[in-house]
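Undergrad: All residue numbers for the sequence shown refer to my numbering, where the first residue is 60 and numbers rise by one.
Yeah, the Cβ is synthetic: ideal placement off N, Cα and C, and Gly gets one too.
It should be emphasised that the depicted structure is a prediction, and the values quoted were computed from it without experimental measurement.
This is the structure I have questions about; it appears just below.
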Amino acid sequence: MVSATPLPPDLKIIFLPPGTDFTPDDAGNFVGAGPDGTFEVTGVSEGVYVMLAFGGHLSSTLVPIHVGNSNVEKVSIPLAPTVTVNGRVLTEGMRTDLSGVKVTFVRSNTESEMRIGAIASSDGTFTAADLGIGEYDVWVDHLPSGTYTRSIRFGGIDVLNSGMRIGGEPSAYLDVTLSAMAAIVQGRVVGSSGDPSPGVQIVLVPEPRFRRRPDRYVLGSTDASGNFQLTPVPPGQYKAFAFEQIEPGAQYAFAYDPQVSERLADRAVPVNVNQVRAATLELRAIPAAESPGGVR
Numbered sequence: 060m061v062s063a064t065p066l067p068p069d070l071k072i073i074f075l076p077p078g079t080d081f082t083p084d085d086a087g088n089f090v091g092a093g094p095d096g097t098f099e100v101t102g103v104s105e106g107v108y109v110m111l112a113f114g115g116h117l118s119s120t121l122v123p124i125h126v127g128n129s130n131v132e133k134v135s136i137p138l139a140p141t142v143t144v145n146g147r148v149l150t151e152g153m154r155t156d157l158s159g160v161k162v163t164f165v166r167s168n169t170e171s172e173m174r175i176g177a178i179a180s181s182d183g184t185f186t187a188a189d190l191g192i193g194e195y196d197v198w199v200d201h202l203p204s205g206t207y208t209r210s211i212r213f214g215g216i217d218v219l220n221s222g223m224r225i226g227g228e229p230s231a232y233l234d235v236t237l238s239a240m241a242a243i244v245q246g247r248v249v250g251s252s253g254d255p256s257p258g259v260q261i262v263l264v265p266e267p268r269f270r271r272r273p274d275r276y277v278l279g280s281t282d283a284s285g286n287f288q289l290t291p292v293p294p295g296q297y298k299a300f301a302f303e304q305i306e307p308g309a310q311y312a313f314a315y316d317p318q319v320s321e322r323l324a325d326r327a328v329p330v331n332v333n334q335v336r337a338a339t340l341e342l343r344a345i346p347a348a349e350s351p352g353g354v355r
């Protein structure tokens, strides 16, 4: 049952299986509710799910639902007012049109991620509406060429790594600072026989505190001569890998699965990236057969 007084006429309920990422516009996942807020989901297999109710500038938290071999009843989903966050994208060392920069608020639990995006105007200002109370990571993409996200601050507090909590109507701006002071990482990849390896996938895995941030992974591939060049690379500590094959998104296993890091530890090449300066590496290709699981 969804509880609020009064219930919003445009109430929507989302019921999702494990591991599903979604936005508020994912209409295919909506569950209908009666005028009194009651709802029913049928034909559900055993497992852990997540529910969210929202509408009329109200939202619930992400509610985990554990389904066993019997019916789950009397699930209560209280609603609370949503908030609006205003922000601005700033640039460091350059002036450029910031139209199209996307700031995404990622509301997570252990099973799913809800993403709410805001698009910046030419002067960098943006507004994210209808954010429910909870913890959010902030991701920034569609950046101007050659830039990276140097900092994200909310009310003077750095939230780049720690994320931000929305618990009421915020009075502070969310300030996103982009920098053009990025570096180049270049080098070549060789196979077991020492010959150049074309078409190999290069992954720079950031230090642990950045591994939940997609924008801190740097990807590329080798050319016909086994050479590669990656840019822009934010300053920091990385582990460089060269994979003969890697599934899309599989690099994020380094953030969630410690066994991946342990299994590939002897294949990693440490690299310390400083601002602007180039780093040159020589990597050995990791054969697909030696990398079972999500990373190949």
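What would DSSP say about Y276, mapped onto helix, strand or coil?
TA: The residue you call residue 276 lines up with position 217 of the sequence shown. Coil.
Undergrad: What separation, rounded to the nearest whole angstrom, lies between the Cα atoms of V330 and R209?
TA: The sequence position of residue 330 within the sequence shown is 271, counting from 1. The sequence position of residue 209 within the sequence shown is 150, counting from 1. Between the alpha carbons of V330 and R209 lies a gap of roughly 19 Å.
Undergrad: If you compare alpha carbons, which of G308, T206 and P140 is closest to Q334?
TA: Locating residue 334 in the sequence shown gives position 275, counting from the first residue. Among G308, T206 and P140, the Cα nearest to that of Q334 is on T206.
Undergrad: F113: buried (16+ other C-beta within 10 angstroms of its C-beta) or exposed?
TA: Stepping through the sequence shown from its first residue, residue 113 is reached at position 54. Result: buried.
Undergrad: Cα separation between P265 and Y276?
TA: Taking the first residue of the sequence shown as 1, we reach residue 265 at position 206. Taking the first residue of the sequence shown as 1, we reach residue 276 at position 217. Near 6 Å, if we compare the C-alpha coordinates of Y276 and P265.
Undergrad: Would you call the CB atoms of I211 and L219 closer than 8 Å?
TA: For the purposes of this step, residue 211 is taken as the residue at position 152 of the sequence shown. For the purposes of this step, residue 219 is taken as the residue at position 160 of the sequence shown. In this structure, L219 lies closer than 8 Å to I211 by Cβ.
Undergrad: Considering only DSSP beta bridges, list what D234 is partnered with.
TA: Within the sequence shown, residue 234 is the residue found at index 175, counting from 1. In the DSSP output, where bridge partners are listed per residue, D234 has R147 and R212.
Undergrad: Taking Cβ positions, are S280 and G258 nearer each other than 8 Å?
TA: Position 221 of the sequence shown, counted from the start, is the residue given in the question as residue 280. Position 199 of the sequence shown, counted from the start, is the residue given in the question as residue 258. Yes, these two residues count as a Cβ contact at 8 Å.
Undergrad: Using CA atoms only, rank isn't needed, just tell me which of T101, V109 and A241 is closest to D80.
TA: The residue labelled residue 80 in the question sits at position 21 within the sequence shown. Considering only alpha carbons, the answer is V109.
Undergrad: Is DSSP giving A324 helix, strand or coil here?
TA: Translated into positions along the sequence shown, residue 324 becomes position 265. Three-state result, A324: helix.
Undergrad: State the CB to CB distance for the pair A338 and V332, rounded to an integer number of angstroms; the pair is presumed to be in contact (CB under 8 Å).
TA: Along the sequence shown, one-based indexing puts residue 338 at 279. Along the sequence shown, one-based indexing puts residue 332 at 273. With a Cβ gap of about 6 Å, A338 and V332 count as contacting.
Undergrad: Can you check which of these residues, F287, R268, I178 and G193, is closest to S256 by C-alpha distance?
TA: Taking the sequence shown and counting its residues from 1, the one referred to as residue 256 is at position 197. The shortest Cα separation from S256 among F287, R268, I178 and G193 belongs to F287.
Undergrad: Taking DSSP's pairing of strands, which residues face G176 in a bridge?
TA: Within the sequence shown, numbered from 1, the residue matching residue 176 stands at position 117. For G176, which the question treats as bridged, DSSP gives the partners T163.
Undergrad: Grab the span of the beta strand (DSSP E) containing A301 for me, first residue to last.
TA: Within the sequence shown, the letter at position 242 stands for residue 301. It spans G295 to F302 - the beta strand (DSSP E) in which A301 sits, taken as one unbroken run.
Undergrad: When burial is assigned at 16 or more other CB atoms within 10 Å of the CB, is D200 buried or exposed?
TA: By 1-based counting over the sequence shown, the position of residue 200 is 141. Exposed is the call here.
Undergrad: Over the uninterrupted beta strand (DSSP E) stretch that includes A92, give me the two end residues.
TA: The count along the sequence shown starts at 1 and reaches residue 92 at position 33. Premise fails: A92 is in no beta strand (DSSP E) and is neither H nor E.
Undergrad: Should D189 be listed as close to the ligand MN, given that the test is whether its C-beta is under 7 Å from any heavy atom?
TA: In the structure shown, the ligand MN is absent, as is every other ligand, since no ligand is present at all.
Undergrad: Can you name the start and end residues of the alpha helix (DSSP H) that Y315 belongs to?
TA: As a position in the sequence shown, residue 315 is number 256, starting the count at 1. Per DSSP, Y315 belongs to the alpha helix (DSSP H) from A312 to Y315.
Undergrad: Compute the Euclidean distance between the alpha carbons of V244 and V292, then round it to the nearest angstrom.
TA: As a first step, residue 244 is located in the sequence shown; it is residue number 185 there, counting from the start. As a first step, residue 292 is located in the sequence shown; it is residue number 233 there, counting from the start. Between V244 and V292, the C-alpha separation is close to 7 Å.
Undergrad: What does the alpha-carbon distance come out to for the pair R272 and I178?
TA: Here residue 272 corresponds to residue number 213 of the sequence shown, with the count starting at 1. Here residue 178 corresponds to residue number 119 of the sequence shown, with the count starting at 1. The straight-line gap from Cα to Cα measures roughly 19 Å.
Undergrad: Given that a residue counts as buried once 16 or more other Cβ atoms are within 10 Å of its Cβ, and exposed if not, what is I150?
TA: Counting from 1 along the sequence shown, the entry for residue 150 is found at position 91. It should be noted that the sequence gives Thr, not Ile, for residue 150. By the 10 Å Cβ count, T150 comes out buried.
Undergrad: DSSP three-state label for P267, please.
TA: As a working note, residue 267 is residue 208 in the sequence shown. Helix at P267.
Undergrad: Taking the C-alpha atoms as reference points, what is the distance between R326 and S118?
TA: On the sequence shown, residue 326 is found 267 positions in, with the first residue counted as 1. On the sequence shown, residue 118 is found 59 positions in, with the first residue counted as 1. In a straight line, the C-alpha of R326 is about 46 Å away from that of S118.
Undergrad: Using the DSSP secondary-structure output, state which residues sit across from S331 in a beta bridge.
TA: Residue mapping note: residue 331 aligns to position 272 of the sequence shown, counting from 1. The sequence shown places Asn at residue 331, not Ser. Per the DSSP secondary-structure output, N331 pairs in a beta bridge with Q296.
Undergrad: Taking K71 as part of the beta strand (DSSP E), name the residues at either end of that continuous run.
TA: Your numbering for residue 71 matches position 12 in the sequence shown. Counting along the chain, the beta strand (DSSP E) containing K71 begins and ends at K71 to L75.
Undergrad: Looking only at DSSP bridge pairs, what is H116 linked to?
TA: Position 57 of the sequence shown, counting from 1, holds the residue named residue 116. Per the DSSP secondary-structure output, H116 pairs with nothing in a beta bridge.
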